[in-house]
Structure formats: structure tokens, C-alpha cells
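Engineer:
Protein chains: 2
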Amino acid sequence: MFPELKNDRFIRALLKQPVDTTPVWMMRQAGRYLPEYRASRAHAGDFLSLCKNDEFACEVTLQPLERYELDAAILFSDILTIPDAMGQGLYFETGEGPKFKKVIRTEADVDALPIAKVNDLDYVMKAVTTIRNALGGRVPLIGFSGSPWTLATYMVEGGSSKDFRHIKGMMYKSPEILHELLRKLAISVTDYLNGQIKAGAQAVQIFDTWGGVLSGPKYQEFSLMYMKQIIDGLIRVHDGKKIPVIMFTKNGGQWLENMAASGTDALGLDWTTDMAEARARVGNKVALQGNIDPCVLYADKDVIRDQVGEVLAGFGNGSGHVFNLGHGIHQFVDPEQPKYLIDAVHELGAQYHQEASDQLDKLNNLD
Amino acid sequence: MFPELKNDRFIRALLKQPVDTTPVWMMRQAGRYLPEYRASRAHAGDFLSLCKNDEFACEVTLQPLERYELDAAILFSDILTIPDAMGQGLYFETGEGPKFKKVIRTEADVDALPIAKVNDLDYVMKAVTTIRNALGGRVPLIGFSGSPWTLATYMVEGGSSKDFRHIKGMMYKSPEILHELLRKLAISVTDYLNGQIKAGAQAVQIFDTWGGVLSGPKYQEFSLMYMKQIIDGLIRVHDGKKIPVIMFTKNGGQWLENMAASGTDALGLDWTTDMAEARARVGNKVALQGNIDPCVLYADKDVIRDQVGEVLAGFGNGSGHVFNLGHGIHQFVDPEQPKYLIDAVHELGAQYHQEASDQLDKLNNLD
Numbered sequence: 001m002f003p004e005l006k007n008d009r010f011i012r013a014l015l016k017q018p019v020d021t022t023p024v025w026m027m028r029q030a031g032r033y034l035p036e037y038r039a040s041r042a043h044a045g046d047f048l049s050l051c052k053n054d055e056f057a058c059e060v061t062l063q064p065l066e067r068y069e070l071d072a073a074i075l076f077s078d079i080l081t082i083p084d085a086m087g088q089g090l091y092f093e094t095g096e097g098p099k100f101k102k103v104i105r106t107e108a109d110v111d112a113l114p115i116a117k118v119n120d121l122d123y124v125m126k127a128v129t130t131i132r133n134a135l136g137g138r139v140p141l142i143g144f145s146g147s148p149w150t151l152a153t154y155m156v157e158g159g160s161s162k163d164f165r166h167i168k169g170m171m172y173k174s175p176e177i178l179h180e181l182l183r184k185l186a187i188s189v190t191d192y193l194n195g196q197i198k199a200g201a202q203a204v205q206i207f208d209t210w211g212g213v214l215s216g217p218k219y220q221e222f223s224l225m226y227m228k229q230i231i232d233g234l235i236r237v238h239d240g241k242k243i244p245v246i247m248f249t250k251n252g253g254q255w256l257e258n259m260a261a262s263g264t265d266a267l268g269l270d271w272t273t274d275m276a277e278a279r280a281r282v283g284n285k286v287a288l289q290g291n292i293d294p295c296v297l298y299a300d301k302d303v304i305r306d307q308v309g310e311v312l313a314g315f316g317n318g319s320g321h322v323f324n325l326g327h328g329i330h331q332f333v334d335p336e337q338p339k340y341l342i343d344a345v346h347e348l349g350a351q352y353h354q355e356a357s358d359q360l361d362k363l364n365n366l367d
Numbered sequence: 001m002f003p004e005l006k007n008d009r010f011i012r013a014l015l016k017q018p019v020d021t022t023p024v025w026m027m028r029q030a031g032r033y034l035p036e037y038r039a040s041r042a043h044a045g046d047f048l049s050l051c052k053n054d055e056f057a058c059e060v061t062l063q064p065l066e067r068y069e070l071d072a073a074i075l076f077s078d079i080l081t082i083p084d085a086m087g088q089g090l091y092f093e094t095g096e097g098p099k100f101k102k103v104i105r106t107e108a109d110v111d112a113l114p115i116a117k118v119n120d121l122d123y124v125m126k127a128v129t130t131i132r133n134a135l136g137g138r139v140p141l142i143g144f145s146g147s148p149w150t151l152a153t154y155m156v157e158g159g160s161s162k163d164f165r166h167i168k169g170m171m172y173k174s175p176e177i178l179h180e181l182l183r184k185l186a187i188s189v190t191d192y193l194n195g196q197i198k199a200g201a202q203a204v205q206i207f208d209t210w211g212g213v214l215s216g217p218k219y220q221e222f223s224l225m226y227m228k229q230i231i232d233g234l235i236r237v238h239d240g241k242k243i244p245v246i247m248f249t250k251n252g253g254q255w256l257e258n259m260a261a262s263g264t265d266a267l268g269l270d271w272t273t274d275m276a277e278a279r280a281r282v283g284n285k286v287a288l289q290g291n292i293d294p295c296v297l298y299a300d301k302d303v304i305r306d307q308v309g310e311v312l313a314g315f316g317n318g319s320g321h322v323f324n325l326g327h328g329i330h331q332f333v334d335p336e337q338p339k340y341l342i343d344a345v346h347e348l349g350a351q352y353h354q355e356a357s358d359q360l361d362k363l364n365n366l367d
């Protein structure tokens, strides 16, 4: 049994339940822009050692919470743990991003690939439980995974890519081979996220970093369909609590209606999508998360406040908005800056939840 | 006086005049995927020498026309000729993309920057005239420029960027400095494109490669507004012929309505935007250019044909569609492959212009 949750704004907003103000967290909030993170990483040796040791993972997960009034913590891990557990041999070269010792290019490569076993990802489950305990109910813990399409891009390209020519070549030439790869990944991701939920994750996010490089029909066939399968297979209530799901496709702003019909509780938006239009398009179907340009954090306090105000006003009145950046925080941001953003969200957000606050006050007076 | 234009399908489609079939060209059609291009480049010494010598520029511009039934030629040049003419010191490092010796970061940097003089870009004008003469009226010649925002990203970042933190930092911190830079660039681009038109360009395209990294309001303020200024200042009729303008913002699919109101004749679309939806959204305001995924060229002939058919059917009946890739052709494409795409466009495109063809037949019978 874990300690009771004290700040549940994030979970409530995802479920469109009344909140006192808009909750906020930042993608990649535990990361290189924090000197304490860089120290932990140096101490651990390298990035993967940081991910694979639950004490280190816990340490860096909690670091941003010491600095800022964040409404959620997110598991510190890498999106490529699943391909690594499938035997692809994940490694990092300085300044080069992730690489794999094996690449997947042929039918035989895909056939030889096992479903990732949660047992082989035990270090992640351990980290989730360690962090959840360390949080002591302060804020909820988010678990996460890469989407099947996004994981497949790294596995087929052998690392990061600009043109995605190998995986798209496969998609156009031998779609059935790619579907088989994505099928295996969808099962692996479902098991992985359910493992995280059982280990203590109170919400989960699927990061579809590269779905936006596809055409609309190909996005639906090769990315969205598999995210739907995962969502269908997820544990949605655990220990008597709803476990909300967030789906985030970077550069997916043209397909919000399709994404909103996937069964997800919330959609993450990048900053290219207008928040007011997005809300009008998805209606009451899903909550929205986002979506300020991470580069706003290079500006002065007043500009940050104005830009926060615009995003909040874009969503407007009522619950169903989790404030976030439209993508991960940059490594070059001065760690003093996010404070202005986070405090502005809470302060300026309250006006959009007035009715809810009045109700909460009444309930408190009844106590 | 230049020779009369024999194949005017491309110009007619941009002006939404009847055509016998859908015209097609490919962004970056003169480029590294062609062995004859690589030979010319080796002969010239390097990429910039290729651009700066009108005989070489003409040679490589015509190369793809020898292989494929293209309906337009595009000036071979670099988008960064303008910042180079402003004294930024453009150079290329192998495998690293473009770099500048000077970067623009401060108000003083911007104030010191001259408007680019067409005289300093005489090598481009000379190339345009040489190519136009060499084409002998076979197909029209497209001139082009980068958009002010896109040029500014390279000038402020000092080269290519993934996060655009310097220019966006400037945009959020000191928007007036960035506006002054963009103002100077808009004047420079207008003069540059008008110079190309006078030298022989029969249509012009503005490449806004990086407009799509902005939020909607910032796109309108920092990219679209300056492209509008350019379009307002362009020569639209030259030697008695209309000179159509194409505006292409990569990843701009969420803002088509705004772009269509800019005064442009046509919008270029990348492959993430659905052609049928795009046509429905812009109505009769502009022609559309695009938008097959360049990765389709890695597939087999039949798949290429199917995918071409889908894009053509997406646009549907009538004139106003110029077929193109959604972005530049990749350097790894087998040069045999584009033939399948181009021939499929002409063959499958004809059915969407049946009425026009009947009219053209009647006119021919009257002769």
C-alpha cells in the first residue's frame, strides 16, 4: 500500500473533474538543464546506468519537485528500454543520440524478434515502486512508453533519423513486415505499461515522437491503430483508482479528431496547434495537455507570464487542461526560469476554475 | 526575347486554367541522387562553385529533364545566397550543412546588416537567363528564394538547427530586433525574386522550410506577414505573361486558410496534409502543389503508381493541381524510380481533366 495522494489536480484534470487551478508538469522535467541532474548522471557513470538503477532513477525523478511546484512526477527512464529488452543492444554515443547494435530490416529480423518480457524490464518496475514510495503521496507518478511506431523507427533506422527512409521504405514496399513488427511492439508496450501501473504508476503517457512524419492515412494505419490496441489492453482502474492515459503525437495537430476517438483520456499537443481550436475540435471527448513552446523559457519573466496566460485563455473555463510544454524542456534553459512558468500557471489558472473552487469551498465549509 | 513556351501545363495549372493532364516537377530534382549531378559537382569543385557559375548551374538544372518528362525546370541555386550577399560568409562543411562565418544575435548585428543588392547576386541572374535560353521554351523555369523567417533561422543560429533556440529566444525576448531583421530580408527577397523574373524566371516559389516550427500566432507574425509583403511587391506580369507565385511552408498544414489569404497563386503542401481536405479548406482561392511522401520513391513501381493515384484522386477534377513531392527528393533514391512517378502522374492525371481535354480537342479541330 502506497501513501494517499495529497495533490490530485493532475489526475482530476485528466478525468475532467473539478480542480482549484490548472495543474502543470514539464516533459523531460528531470534532465540536463538541472545541475543536480548532471551531478547524479556523473555519479552514475552514464545515462543508461542512471535509468537502470532504481535509486538513481528515483533521485533524478524527484529533483525538479524540489525546485518547482509541479503537480506530477514522471518516471525517469528512456523510451528505448523495450527494444533493448528485445535484444537490440541499445547504447549511446556522446552527442550522437541512441544507437542499436542490431537493426531490423528484413522479415527474418522481425520473425526472430521476441515480445519484450516484463521480467527483463524489472529495473523499470523497481524504479516505479521506489519513486512512488519516495513521493509519499506528494504528487502522482506518471509512467510512460514510446509508441510502437516511434520505437520501430529507432529499431529499423538503427538510431535517430532525419528522413526515415529505411522504415518508410519498408512501409511502402513490405507493409506486412512492418505490421508484424508493430504488432510485437504493441503487445510489448501494453505489458510494459501494465507492469508500470501494477508497480505504482498513477497515469501513463504514450510518446509518439515520430507519428507526425507520416501522411494522414499512414499515421492511422501504422501508428494510431497500434496505440489504440495498447489503450484497449491497459489496466484502467487499479487499487480502486482510475489510471488516465495520455497520447502525445508530436506534429499530429492535423489528426486530433482521429486521436480523440482512440479511447485515450487525454491528448498531448505540441505548440504548433492552437489550444482553443483544439478544444473546439475534440469537444468534451478528451482532456488536453500542453502546449507552450519550450523556447518561451528563454524569455523574461513577464513574457513567460503572458505566454502562459495565452495558452490558459485558449483552453478557457473548466477542467480538462493539464499545462505542459509542447515538447521536452531544453538542456540550455536556466533552471531559474521554469519557476516563473509554473507559478504563473497556478496563479493565472485559478480564474478558469472559479465555479469549481466555489464548490470546493462549500464542501470544505460543510466539513 | 526568349523562345516561346511549348509546354505550359505547369503555368496553366498554377493559374487554374484548363490543362490536358496534371503537370509535375520534383523539389530538388537536380541533385545528388543523379550520378550526372555528382559528376558536375566534382567537376565544379564544390557546391557553391556549382551555384556561382552559370554554365554549371545550367548544366545541372537541365539534367533531370533529360531523364524524365518534367513539366518545369527550377533554377539550381542555394537558399542562402541572400545572407551570403549580405556579408554573412556562407560556407559548407562536409556532411554538416550550411554554416555562416558571422552570426546575427544583437541589435547592433541587425543594424549593421545591409539590404542584399541584386548586383551582388548577379551570378544568380546570369544563371536564370542562361538556363531560360538553354531550355528553348521546352518547359517553364521556376525561380525561388527562402522566406525571410527561414533565412533568418540560419543567420541567427549560424547554420542548421534542431531547436531554434537562438532565434526563438530573440523572438520572445526582443521581437523588435527580429522584426527589423525580417524587414531587411523581406526587401532583399522581393528585389531578388523580381531580379529573377526580369532575368527570365516564369514562376517563383518561396521556400518557408522552417515556418512550421512556430506556433500559429508567431507563424503569422514572423513568417507569413513577411511573405505577404514579398508577394505584394512582386512583378506579377512580365513580358505580357502572368508570373505565378507558390508559397511553401513545410509543416504548415494547420494554417492553410491564412496562407491562402496571402495573395499567393498556389500553396505547396507537404505529405502530412490530406490533399482532398486541403482543397476543401482553400476552395477556389489558390492552386495546390504537392504532395506525395518522397519515401514513396523507395517502393516498387506499382506502389508508386497507387500512391500517385491517391494524391491525384484527393485533388479530384479540374485544374489547379501541380503534382510534386511533399519535400525534396532524397539523395539515396535510385534515379530509375522517379520515371515511374512522373509517367504515372501524366497517365492517371488525364482523367481529371477530361472536360478540358474535350475543349482543347474542339479548339484544335477548329484550327
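Residue numbers (our numbering), protein chains in the order written: chain A, 1 to 367; chain B, 1 to 367. Even glycine gets a Cβ: it sits at the ideal position worked out from N, Cα and C. Quick caveat: nothing in here was measured; it's all calculated off a predicted structure.
Would you kindly work out how many angstroms separate the C-alpha atoms of residue 209(B) and residue 249(B), rounded to a whole number?
Structural biologist: Numbered from 1 along the second sequence, position 209 holds the residue referred to as residue 209(B). Numbered from 1 along the second sequence, position 249 holds the residue referred to as residue 249(B). Computed Cα separation, rounded: 6 Å.
Engineer: Throw me the rounded Cβ distance for the residue 52(A) and residue 123(A) pair, which I believe falls under 8 Å.
Structural biologist: For the purposes of this step, residue 52(A) is taken as residue 52 along the first sequence, with counting starting at 1. For the purposes of this step, residue 123(A) is taken as residue 123 along the first sequence, with counting starting at 1. Indeed they touch by this definition, with Cβ atoms about 5 Å apart.
Engineer: Please go through the stretch 15-48 of chain B and give each complete beta strand (DSSP E) segment of 3 or more residues, from N-terminal end onward.
Structural biologist: Correct list: empty.
Engineer: Report the three-state DSSP secondary structure of residue 161(B) (helix, strand or coil).
Structural biologist: Position 161 of the second sequence, counting from 1, holds the residue named residue 161(B). Here residue 161(B) sits in coil by DSSP.
Engineer: Count the other CB atoms, across all protein chains shown, that sit within 10 Å of the CB of residue 265(B); report buried if there are 16 or more and exposed otherwise.
Structural biologist: By one-based count along the second sequence, residue 265(B) stands at place 265. So residue 265(B) counts as buried.
Engineer: Where does residue 24(A) land, buried or exposed, given buried means 16+ other C-beta within 10 angstroms?
Structural biologist: Along the first sequence, one-based indexing puts residue 24(A) at 24. Per the 10 Å Cβ criterion, buried.
Engineer: If you count every other CB in all the chains shown that lies within 10 Å of the CB of residue 155(B), and 16 or more means buried, which is it?
Structural biologist: Locating residue 155(B) in the second sequence gives position 155, where the first residue counts as 1. It is buried - the Cβ of residue 155(B) has at least 16 other Cβ atoms within 10 Å.
Engineer: Measuring straight from C-alpha to C-alpha, what distance separates residue 180(B) and residue 197(A)?
Structural biologist: Locating residue 180(B) in the second sequence gives position 180, counting from the first residue. Locating residue 197(A) in the first sequence gives position 197, counting from the first residue. Near 52 Å, if we compare the C-alpha coordinates of residue 197(A) and residue 180(B).
Engineer: Name, please, each residue of chain B whose Cβ falls closer than 7 Å to the Cβ of residue 215(A).
Structural biologist: On the first sequence, position 215 is the one that residue 215(A) refers to. Residues of chain B passing the Cβ test: 271, 272 and 293.
Engineer: Between which two residues does the alpha helix (DSSP H) harbouring residue 309(A) extend?
Structural biologist: Along the first sequence, read from residue 1 onward, the residue named residue 309(A) stands at position 309. Run containing residue 309(A): 301-315, per the alpha helix (DSSP H) assignment.
Engineer: If the criterion is Cβ atoms closer than 8 Å, does the pair residue 147(B) and residue 82(B) meet it?
Structural biologist: Reading the second sequence from its first residue, position 147 is the one you call residue 147(B). Reading the second sequence from its first residue, position 82 is the one you call residue 82(B). Not closer than 8 Å, so no.
Engineer: Since residue 247(B) sits in a beta bridge, which residues does DSSP pair it with?
Structural biologist: On the second sequence, residue 247(B) is found 247 positions in, with the first residue counted as 1. Answer by DSSP bridge pairing, in chain order: 206(B) and 267(B).
Engineer: Whole angstroms is fine: what's the gap from residue 72(A)'s alpha carbon to residue 133(A)'s?
Structural biologist: In the first sequence, residue 72(A) corresponds to position 72, counting from 1. In the first sequence, residue 133(A) corresponds to position 133, counting from 1. Those two C-alpha atoms are separated by around 14 Å.
Engineer: Within the 8 Å Cβ cut-off, does residue 330(A) reach chain B?
Structural biologist: Start at 1 with the first residue of the first sequence, and residue 330(A) comes out as number 330. Yes, contact with chain B.
Engineer: Residue 188(A) to residue 202(A), Cα distance in whole Å?
Structural biologist: Position 188 of the first sequence, counting from 1, holds the residue named residue 188(A). Position 202 of the first sequence, counting from 1, holds the residue named residue 202(A). Rounded to whole angstroms, residue 188(A) to residue 202(A) spans 19 Å at the Cα level.
Engineer: Does the Cβ-Cβ distance between residue 320(A) and residue 288(A) come in under 8 Å?
Structural biologist: Position 320 of the first sequence holds residue 320(A). Position 288 of the first sequence holds residue 288(A). Contact: yes.
Engineer: With 8 Å set as the bound, which would you pick, yes or no: does the beta-carbon of residue 345(A) sit closer than that to a beta-carbon of chain B?
Structural biologist: Here residue 345(A) refers to the residue found at position 345 of the first sequence. Not one chain B Cβ lies under 8 Å of residue 345(A).
Engineer: Quick one: residues in its chain with C-beta nearer than 7 Å to the C-beta of residue 213(B), no 5 flanking neighbours on either side, listed in chain order?
Structural biologist: For the purposes of this step, residue 213(B) is identified with residue 213 of the second sequence, where counting begins at 1. These residues qualify, in order along the chain: 164.
Engineer: From 332(A), 243(A), 312(A) and 286(A), pick the residue whose C-alpha is nearest to that of residue 342(A); which is it?
Structural biologist: As a working note, residue 342(A) is residue 342 in the first sequence. Of 332(A), 243(A), 312(A) and 286(A), the residue nearest in Cα terms is 312(A).
Engineer: Since residue 254(B) meets chain A, which of its residues come closer than 9 Å, beta carbon to beta carbon?
Structural biologist: Locating residue 254(B) in the second sequence gives position 254, counting from the first residue. Chain A residues near residue 254(B): 253, 254, 272, 273, 274 and 277.
Engineer: Per DSSP, which residues does residue 321(A) bridge with? Please list them.
Structural biologist: Position 321 of the first sequence, counted from the first residue, corresponds to residue 321(A). Paired residues: 288(A).
Engineer: What does DSSP give as the partner residue(s) for residue 413(B) in the beta ladder?
Structural biologist: The first residue shown for chain B is 1 and the last is 367, placing residue 413(B) beyond what the model contains.
Engineer: Is residue 218(A) helix, strand or coil by DSSP?
Structural biologist: Taking the first residue of the first sequence as position 1, residue 218(A) is located at position 218. DSSP places residue 218(A) in helix when its eight states are reduced to three.
Engineer: Using 10 angstroms around the beta-carbon of residue 300(B), count the other beta-carbons present and answer buried if the total reaches 16, otherwise exposed.
Structural biologist: In the second sequence, residue 300(B) corresponds to position 300, counting from 1. Burial call: exposed.
Engineer: Please report the residue range of the alpha helix (DSSP H) in which residue 66(A) lies.
Structural biologist: Against the first sequence, residue 66(A) aligns to sequence position 66. 54-67 is the span of the alpha helix (DSSP H), which, as asked, contains residue 66(A).
Engineer: Would you kindly work out how many angstroms separate the C-alpha atoms of residue 61(A) and residue 74(A), rounded to a whole number?
Structural biologist: The residue given as residue 61(A) occupies position 61 in the first sequence. The residue given as residue 74(A) occupies position 74 in the first sequence. Their Cα atoms are separated by approximately 7 Å.
Engineer: Work out the CA separation of residue 238(B) and residue 228(B) for me, nearest whole Å.
Structural biologist: Here residue 228(B) refers to the residue found at position 228 of the second sequence. Here residue 238(B) refers to the residue found at position 238 of the second sequence. Rounded to whole angstroms, residue 228(B) to residue 238(B) spans 20 Å at the Cα level.
Engineer: Would you mind listing the beta strand (DSSP E) stretches within the stretch 71-100 of chain B that are 3+ residues and don't spill past its ends, in chain order?
Structural biologist: With a minimum length of 3 residues, the continuous beta strand (DSSP E) runs that stay inside the stretch 71-100 of chain B are 90-93 and 97-100.
Engineer: In chain B, which residues lie with their C-beta within 8 Å of the C-beta of residue 299(A)?
Structural biologist: Position 299 of the first sequence holds residue 299(A). 169, 172 and 173, listed in chain order.
Engineer: With a Cβ-Cβ cutoff of 8 Å, do residue 344(B) and residue 305(B) count as a contact?
Structural biologist: For this step, residue 344(B) is matched to residue 344 along the second sequence. For this step, residue 305(B) is matched to residue 305 along the second sequence. It is a contact, given that the beta carbons lie within the stated cut-off.
Engineer: Which of the three DSSP states, helix, strand or coil, is assigned to residue 237(B)?
Structural biologist: On the second sequence, position 237 is the one that residue 237(B) refers to. Looking at residue 237(B) - three-state DSSP - the assignment turns out to be strand.
Engineer: Cα-Cα, which of 79(B), 21(B), 333(B) and 260(B) is closest to residue 278(B)?
Structural biologist: Mapped onto the second sequence, residue 278(B) falls at position 278. Ranking 79(B), 21(B), 333(B) and 260(B) by Cα distance to residue 278(B) puts 260(B) first.
Engineer: Using alpha carbons as the reference points, say which of 357(B), 283(B), 309(B) and 241(B) lies closest to residue 5(B).
Structural biologist: Your numbering for residue 5(B) matches position 5 in the second sequence. Residue 5(B) has its Cα closest to that of 241(B), out of 357(B), 283(B), 309(B) and 241(B).
Engineer: Buried or exposed, going by whether 16 or more other CB atoms sit within 10 Å of the CB of residue 55(B)?
Structural biologist: Along the second sequence, one-based indexing puts residue 55(B) at 55. Exposed, by the Cβ-count rule.
Engineer: Just the C-alpha distance for residue 101(A) and residue 329(B), rounded to the nearest angstrom, thanks.
Structural biologist: Sequence index remark: in the first sequence, residue 101(A) carries index 101 (1-based). Sequence index remark: in the second sequence, residue 329(B) carries index 329 (1-based). Computed Cα separation, rounded: 29 Å.
Engineer: Using 8 Å as the limit for Cβ to Cβ distance, is residue 303(B) near chain A?
Structural biologist: For the purposes of this step, residue 303(B) is taken as the residue at position 303 of the second sequence. Yes, its Cβ sits closer than 8 Å to a Cβ of chain A.
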